[in-house]
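This report refers to the structure that appears directly beneath it.
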Amino acid sequence: MASGSGLEARFRDAYQRAGLRDPFPMKREANVKPNEALGKAKPRLIISTGDVGAVTHLFDAGAVEHLVFSDPLFEGRSIKHAEPEEVADRVGSRARKFDYVASMDFGSFDGSCTNEVRDIVENSIIVALLKEAHLLNKADGGVWKVSALEDRLKAPQAPQNALKRG
Numbered sequence: 001m002a003s004g005s006g007l008e009a010r011f012r013d014a015y016q017r018a019g020l021r022d023p024f025p026m027k028r029e030a031n032v033k034p035n036e037a038l039g040k041a042k043p044r045l046i047i048s049t050g051d052v053g054a055v056t057h058l059f060d061a062g063a064v065e066h067l068v069f070s071d072p073l074f075e076g077r078s079i080k081h082a083e084p085e086e087v088a089d090r091v092g093s094r095a096r097k098f099d100y101v102a103s104m105d106f107g108s109f110d111g112s113c114t115n116e117v118r119d120i121v122e123n124s125i126i127v128a129l130l131k132e133a134h135l136l137n138k139a140d141g142g143v144w145k146v147s148a149l150e151d152r153l154k155a156p157q158a159p160q161n162a163l164k165r166g
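When we follow the UniProt record's numbering, the leftmost residue of the sequence shown carries the number 1, and every step to the right adds one.
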């Protein structure tokens with residue numbers, strides 16, 4: 001903090017008002033802010049005690065961090081202070097113990113490709129799942145099933161191409 005900006009004085013004032021020098025409980029109040037208006041899925045916890053609450057939270061977070069990361073058991077398992085290469089080595093060594101490893105975190109998938117690529121991948125998955133479940137067999141009156149599939153696939157030409165491939 002730049003001492004001339006007034007932030008330092010504001011922090012010191014909040015520090016004193018947070019009760020850190022007094023024997024009474026520190027103020028902790030928060031509310032949950034829904035994020036529908038922001039277009040985000042997860043609500044956020046908002047500290048509602050102003051500067052005093054923010055300072056109190058800093059001390060809470062610092063105390064928990066010290067407890068966790070000063071313990072060798074946790075520090076050795078943490079990636080907090082690890083270099084990226086070390087993290088990759090650890091994850092790789094654990095993953096190699098299994099026949100098959102897959103990430104179930106697809107949160108970044110949507111943002112990392114174009115709509116066209118995402119549609120191709122999602123359509124292929126839908127077709128593969130329905131074929132695996134034997135739900136695309138036209139011999140048992142599956143025409144309605146293909147129609148239902150076409151309704152679910154995103155690319156208009158994908159159903160014919162996808163069904164011909166497999």
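The beta carbon of each residue, even a glycine, is placed where N, CA and C say it ideally should be.
Point to revise | Beta-carbon gap between Ile-47 and Ala-54 smaller than 8 Å | key: Taking the first residue of the sequence shown as position 1, residue 47 is located at position 47. Taking the first residue of the sequence shown as position 1, residue 54 is located at position 54. For Ile-47 and Ala-54, yes; Cβs fall inside 8 Å.
Exercise for review: Would you give the residue range spanned by the beta strand (DSSP E) that Val-101 belongs to?
Suggested key: Your numbering for residue 101 matches position 101 in the sequence shown. That residue, Val-101, is in no beta strand (DSSP E); it is neither H nor E in DSSP.
Practice item. Tell me whether Asn-123 is buried or exposed, calling it buried when 16 or more other Cβ atoms sit within 10 Å of its Cβ. Key: The count along the sequence shown starts at 1 and reaches residue 123 at position 123. Result: buried.
Exercise for review: Just the C-alpha distance for Phe-98 and Ser-112, rounded to the nearest angstrom, thanks.
Suggested key: Numbered from 1 along the sequence shown, position 98 holds the residue referred to as residue 98. Numbered from 1 along the sequence shown, position 112 holds the residue referred to as residue 112. Their Cα atoms are separated by approximately 27 Å.
Check your understanding: For Ala-61, does the three-state DSSP call read helix, strand or coil?
Key -> The residue given as residue 61 occupies position 61 in the sequence shown. Here Ala-61 sits in helix by DSSP.
Practice item. Sort Asp-60, Pro-34 and Ala-30 by Cα distance to Gly-50 and report the nearest one. Key: Translated into the one-based positions of the sequence shown, residue 50 becomes position 50. When only C-alpha atoms are compared, the closest one is Ala-30.
Review point. Apart from the five residues on each side of it in sequence, which residues of its chain come closer than 6 Å, Cβ to Cβ, to Ala-95?
Key: Numbered from its first residue, the sequence shown carries residue 95 at position 95. Closer than 6 Å at the Cβ level, and outside the excluded window around Ala-95, lie Val-101.
Practice item. Apply the 10 Å Cβ neighbour rule to Val-127 and answer buried if 16 or more other Cβ atoms are within range, or exposed otherwise. Key: Along the sequence shown, one-based indexing puts residue 127 at 127. Burial call: buried.
Practice item. Express the C-alpha separation of Ser-70 and Val-64 in angstroms, rounding to a whole number. Key: Taking the sequence shown and counting its residues from 1, the one referred to as residue 64 is at position 64. Taking the sequence shown and counting its residues from 1, the one referred to as residue 70 is at position 70. So the two alpha carbons sit approximately 10 Å from each other.
Practice item. Measure the C-alpha to C-alpha separation of Arg-12 and Gly-92 and round it to an integer number of angstroms. Key: In the sequence shown, the residue the question calls residue 12 occupies position 12. In the sequence shown, the residue the question calls residue 92 occupies position 92. Spanning the two alpha carbons is a distance of roughly 46 Å.
Practice item. For Glu-75, I'd like the list of residues in its chain whose CB is within less than 6 Å of its CB, leaving aside the five on either flank, ordered along the chain. Key: Here residue 75 refers to the residue found at position 75 when the sequence shown is read from its first residue. If we look at Glu-75 and ignore the five residues flanking it on each side, its Cβ neighbours are Phe-69.
Practice item. Have a look at Arg-44 and His-134 and give me their C-alpha separation to the nearest angstrom. Key: The residue labelled residue 44 in the question sits at position 44 within the sequence shown. The residue labelled residue 134 in the question sits at position 134 within the sequence shown. Between Arg-44 and His-134, the C-alpha separation is close to 43 Å.
**Study point:** chain C within 8 Å of Leu-58, Cβ atoms only
**Key:** In the structure shown, chain C cannot be found, because there is only a single protein chain.
Practice item. Taking only the alpha-carbon atoms, compute the straight-line gap between Asn-115 and Val-121 and give it to the nearest angstrom. Key: One-based indexing of the sequence shown puts residue 115 at position 115. One-based indexing of the sequence shown puts residue 121 at position 121. Each residue's alpha carbon lies about 10 Å from the other.
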